[in-house]
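As numbered in the working numbering, residues 5 to 140 make up the sequence shown, in order.
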Amino acid sequence: MRFVHLHPSSLAPRVPRRTVVAVALAAGSLAVGVGVADAHTEVAATSPSSGKTASTAVRTVSVTFTGQIRSGTITVKRAGKAVSKGRGGQDPRNVKRISVGLKTGLKAGKYVATWTAIAADGHHQKGTFGFRLKRR
Ligand SMILES: [Cu+2]
């Protein structure tokens with residue numbers, strides 16, 4: 005699983021922190037810089053699990069985080085073709101999760117999920133993970 009967490013410092017490494025905070029505030033963001041550096045939202049789990057095999061009957065693919073997500077997208081492809089219904093988004097039943105429904109009639113094989121998320125701290129994140137589906 006690849007996972008990228010873009011902090012304000014990595015988005016603008018040469019800009020003084022005061023400027024980053026000012027820009028964040030101007031954008032209506034709650035990002036507060038270094039003070040909460042260890043409290044970032046991270047990936048807690050994916051479904052199906054990264055690198056694992058699940059049933060072709062699976063109906064949803066999701067990423068669950070350690071904290072609340074403001075918004076996100078998730079798409080799933082097999083052999084370069086989208087098998088997810090749209091771009092996904094925050095799970096209406098779980099503010100820590102982004103999910104997307106899958107089309108029916110999925111074939112056995114390798115699938116790749118690609119996601120983006122904006123955490124409650126305003127930090128942009130993205131990642132990919134793969135899994136296999138087989139008939140059961
Ligand atoms: Cu963060």
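Here a beta-carbon is modelled for each residue, glycine too, at the ideal position from N, C-alpha and C.
Note that this is a predicted model, so its numbers are computed, not measured.
Quick one: grab the DSSP three-state call for residue i.
{"i": "Leu-110", "result": "coil"}
{"i": "His-128", "result": "strand"}
{"i": "Gln-94", "result": "strand"}
{"i": "His-9", "result": "strand"}
Going by CA-CA distance only, name the one from the options that's closest to residue i.
{"i": "Phe-135", "options": "Ser-66, Ala-121, Gly-92, Val-99", "result": "Ser-66"}
{"i": "Asn-78", "options": "Ala-112, Gln-72, Arg-101", "result": "The displayed chain sequence assigns Ile, not Asn, to residue 78. When each option's Cα is compared against that of Ile-78, the closest is Arg-101."}
{"i": "Ala-48", "options": "His-128, Arg-139, Phe-7", "result": "Phe-7"}
{"i": "Gly-90", "options": "Val-99, Ala-117, Ala-43", "result": "Ala-117"}
{"i": "Thr-60", "options": "Thr-70, Asn-98, Arg-82, Thr-68", "result": "Arg-82"}
{"i": "His-44", "options": "Ile-73, Thr-64, Ala-58", "result": "Ile-73"}
Does residue i pass the burial test, meaning 16 or more other C-beta atoms within 10 Å, or should it be called exposed?
{"i": "Thr-108", "result": "exposed"}
{"i": "Pro-96", "result": "exposed"}
{"i": "Gly-84", "result": "exposed"}
{"i": "Thr-50", "result": "buried"}
{"i": "Leu-137", "result": "buried"}
{"i": "Ser-88", "result": "buried"}
Mind listing which residues have their beta carbon within less than 5 Å of any non-hydrogen atom of ligand 1? Chain order is fine. Chain-ordered list of matching residues: His-44, Asp-125, His-127.
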